[in-house]
Every structure is written in structure tokens, then in C-alpha cells.
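A.B. asks: According to this note's numbering, the sequence shown is numbered sequentially starting from 2.
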Amino acid sequence: MSTTVICSRETLQNVQYNSHIRSPVKIEPRRNSIPPTQTLTAKHLLAYLPRPQPESIRYTPYTFKRYVTKDGKCRVNLGPIEDKSRFISDIFTTLVDLKYRWFLLVFTMCYILTWVTFGGIYFLGAWLRGDIAHLNDIQWQACYQNVDSFLSALLLSLESQRTIGYGSRMVTANCPEGTVVLMVQSILGSIIDALMVGCMFVKISRPQQRAQTLIFSKHCVICERDEKLCMLFRIGDLRESHMVDAKIRAKLIKSRQTKEGEFIPLEQSEINLGYDTGGDRLLLVEPQTITHVINESSPFWEVGAERLKRETFEIIVILEGIVEASGMTCQARTSYTEDEILWGHRFESCISLEKGAFRVDYSAFDKTFEIQMSLLSAKDRSSANEQDALF
């Protein structure tokens with residue numbers, strides 16, 4: 002681009018000297034801009050000169066971000082949702098999904114609002130019936146006994162809903178409306194107790210906390226097993242109470258463009274971890290090494306060591322099982338990017354036999370060692386083997 006500018010200026014200067022015609026354009030050494038006092042003869046050069054680009058539109062390299070973090074959290078932000086009434090219709094799940102600080106706020110406000118509301122109703126009823134004005138009148142038949150202020154009405158509401166009953170203040174049988182209000186408060190308080198206590202129990206006993214003791218290896222490795230190219234990773238359970246009916250599956254997340262030009266972001270494809278042979282069903286007593294055989298149906302069939310460095314994808318691993326203590330289904334997730342896949346490595350053994358029992362050494366859970374292995378993909382290996390068989 003800068004070469005074009007120099008040639009254009011040299012050509013303009015030669016034309017001026019040959020024609021001996023004084024040009025209004027002043028020829029100056031090369032610089033990054035042309036003064037606005039120049040005529041239209043050189044203004045067309047301005048389009049070719051380098052201009053400083055604003056910071057807001059300056060190009061920044063694309064960095065791939067995880068779809069699922071290493072601890073299993075999905076990095077997907079939901080956009081504006083217009084119909085938010087769907088969350089209210091499923092109020093129980095909405096409350097359970099709240100963060101603890103917001104859940105405790107809702108939990109506390111539900112009780113405080115009902116106490117204050119019915120305390121105001123009791124105080125209003127006592128004021129309208131004249132119980133406050135005839136507080137010291139022994140002959141007066143009060144509806145709300147010993148209610149002389151809003152604070153005492155609030156204490157009556159609290160004692161009634163929580164069934165404390167100190168005996169100093171109460172709702173008497175002298176007014177039917179007081180009995181109806183007390184019945185409504187009792188029913189509403191029972192509903193709030195059932196909802197809030199149920200939400201609290203479910204939130205505390207959620208199986209997501211059980212997933213904190215299910216661990217995955219930091220890296221995947223690609224090596225040979227029984228003369229087959231395989232992708233391996235490890236999973237383990239730190240608790241002595243085991244997962245029941247544990248199952249493992251994996252997804253490949255990769256964006257691609259179709260032959261028609263359509264761009265498909267974050268396309269999911271299945272990675273076979275032994276579904277046809279039952280290898281995906283685990284007895285997770287000790288750390289297990291999960292194997293994916295790279296064959297013709299594998300998405301890594303044509304991926305070799307060099308191509309692996311140029312690829313951009315993410316492998317999502319999902320472990321599901323039933324918690325033995327509670328009987329609830331638990332799910333643990335993690336992910337591996339292309340930088341976390343080690344070509345030509347194997348896992349070190351972490352199981353040994355000591356005093357008649359097997360011992361698991363979790364310090365060697367993530368350790369790998371390098372091996373000598375070909376850099377060819379599984380497809381190229383198969384083609385080379387077929388050619389060797391022919392000759």
C-alpha cells in the first residue's frame with residue numbers, strides 16, 4: 002500500500018518538471034497524512050495513506066473460550082426472556098435455583114411479611130372495635146385481649162402463627178371476624194412452612210455437592226492400546242460410599258460450516274465410550290481409565306499429532322449416577338480442549354496391592370509419561386497397514 006503512494010508522488014513530480022508548469026501542489030517528504038490546504042490533484046492519495054485506527058474498531062485476536070469449565074459449569078448466558086411468567090408457574094424450582102443469599106432473603110421475608118401483615122390486621126380490628134380505647138375497662142368484652150399498640154398486635158400475630166401462646170394476649174370468642182382471621186393466618190402459615198422448609202431441604206441435599214468428590218484427570222492422552230489408537234482419560238470417586246449405576250458419556254463441541262455455507266456454532270457430536278459393549282457402565286470403586294477407540298466412526302479418525310495442534314474443539318465429559326446415601330441422581334461434568342490432549346502419553350498406575358487390599362494413590366492420578374509413538378492419524382495408519390499387507 003505504501004509503495005503505491007511513493008510511485009504516485011514520483012509520477013506527479015516528473016509531470017511537473019517536464020511540463021514546466023507550476024503546480025499548486027507542494028511536494029513534501031513522505032508522511033502519514035496530507036494537509037487539507039492541498040488541491041484535489043493529490044486528495045486521491047489520501048485513501049492510500051495509512052490512518053490510525055480507533056481503539057473501538059481495532060482488531061483483536063479471537064480467543065476460544067470454554068463451553069464448560071473444568072469444574073462443570075456451563076458458560077452460557079441466557080438473553081432477555083420476555084415471558085417470565087413461566088418461572089412463576091414453577092415457583093418451587095425457581096426458589097431452589099436461587100443463590101443462597103437470595104433464597105435466605107426470600108425465606109426471611111415470607112415470614113416477616115406475614116407477621117407484619119396480620120399484625121396490622123389485628124391492630125386495625127382492635128382499633129375499630131374499641132379494644133384499645135377500653136383497655137382498662139374491666140366490663141369491656143375485648144375481641145383482641147391485651148392489644149394496645151401495633152407492637153403488641155405484632156406479637157399476637159407472631160405467637161399465633163408460630164403456636165407459641167404465652168397466654169397474655171389472645172383472640173377471644175367475642176368476635177367471629179377475629180376467629181376467621183386467625184384461621185386464615187394458620188392455614189397460610191402452614192403453606193409457607195411446607196414450601197420454605199421443603200425448598201431448604203432440597204437445596205441443602207442437592208446432589209450437585211456430591212459432584213465435588215467426583216474428580217477427572219486434568220488431561221486426555223492419546224496412545225496405542227492393543228494396536229489401536231485410543232483416547233484416554235481418568236475418573237475417580239473420593240468417597241467410600243459409591244455411586245450406584247454410574248454411566249459415562251462424552252460430547253464433542255465444535256463449530257463448522259456446511260457445504261451450503263451455513264455456519265453451525267457449537268455443534269454437538271457423540272463420542273463413543275463403549276456404549277455398544279457396555280463399557281460406559283462403571284463400577285466406580287477405584288479410579289477408572291475411560292477409553293475411546295479412534296475408528297472410522299470417531300470424529301478424530303483423520304486427526305493426527307500436527308492437525309491436533311491446529312484444531313479448535315472441546316470435549317465435554319458427563320458422569321451420571323445415583324447417590325448411595327440419598328438415592329438422588331448426581332451429575333458431574335468437565336471439559337478438555339485441544340491444548341489439554343497429550344499425544345503420545347500414558348497414565349501412570351495409581352493402584353497397588355498392600356497387605357491383602359488394593360491401595361489407591363491419588364497423588365499419581367493426573368501423572369502421565371511420554372512414549373514413542375507415530376504422529377500419524379488413525380486413518381493414515383490404516384492406509385499404511387493396508388499397503389504393507391498388499392506388498
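Idealized CB from N, CA, C, for every residue including glycine.
Keep in mind it's a predicted model, so treat the numbers as computed, not measured.
1) Measure the C-alpha to C-alpha separation of G279 and R308 and round it to an integer number of angstroms.
2) Counting beta carbon pairs with one atom in the region 216-236 and one in the region 340-358, are three or more of them shorter than 8 Å?
3) Just grab the DSSP bridge partners of E370 for me.
4) If you reduce the DSSP assignment to three classes, tell me which class I254 lands in.
5) Could you work out which residue in S336, P288 and K310 is closest to A251 when comparing CA atoms only?
6) Could you check the C-alpha separation between T70 and L114 for me, to the nearest Å?
7) Counting only the same chain and skipping the five closest in sequence on each side, list residues whose C-beta sits under 6 Å from that of S378.
8) Who does T109 pair with in a DSSP beta bridge?
9) Given a cut-off of 8 Å on the beta-carbon distance, is the pair R257 and I249 in contact?
10) When you compare the CB positions of M201 and F108, do they come within less than 8 Å of one another, or not?
11) Look up I82 in the DSSP assignment and say whether it is helix, strand or coil.
12) How would you call T40, buried or exposed, if buried means at least 16 neighbouring beta carbons within 10 angstroms?
13) Going by beta carbon distance, what residues of the same chain come within less than 8 Å of I372, once the five residues before and after it are set aside?
14) Grouping DSSP H, G and I as helix and E and B as strand, with all else coil, what is K74?
15) Specify the secondary structure class of A385 as computed by DSSP and reduced to three states.
16) Compare the Cα-Cα distances from H243 to each of C331, V181 and N147 and report the closest residue.
17) Tell me which residues share the same chain as M232 and place their Cβ nearer than 7 Å to its Cβ, disregarding the 5 neighbours each side in the sequence.
18) Kindly provide the ranges of any alpha helix (DSSP H) runs that are 4 or more residues long and lie completely inside the region 138-185, ordered along the chain.
19) Take every Cβ of the region 82-101, pair it with every Cβ of the region 179-188, and state whether three or more of those distances are shorter than 8 Å.
20) Are the CB atoms of T259 and D238 nearer to each other than 8 Å?
21) Rounded to whole angstroms, how far is the Cβ of Y145 from the Cβ of Y123, which I believe are closer than 8 Å?
C.D. replies: With the structure as the only source:
1) 31 Å
2) yes
3) First, the residue type needs correcting, since residue 370 is Phe and not Glu in the sequence shown. DSSP output for F370 lists R347 as bridge partner(s).
4) strand
5) S336
6) 40 Å
7) E303, V304 and G305
8) The partner list for T109 (beta bridge, DSSP) is empty, contrary to what the question assumes.
9) no
10) yes
11) coil
12) Low local confidence applies: a pLDDT of 42 at T40 is under 50, so the model's placement there is unreliable, with the coordinate-based value given in what follows. That one is exposed.
13) C224, G345, H346 and R347
14) coil
15) helix
16) C331
17) C221, I223, H293, I295 and F301
18) 151-162
19) no
20) no
21) 6 Å
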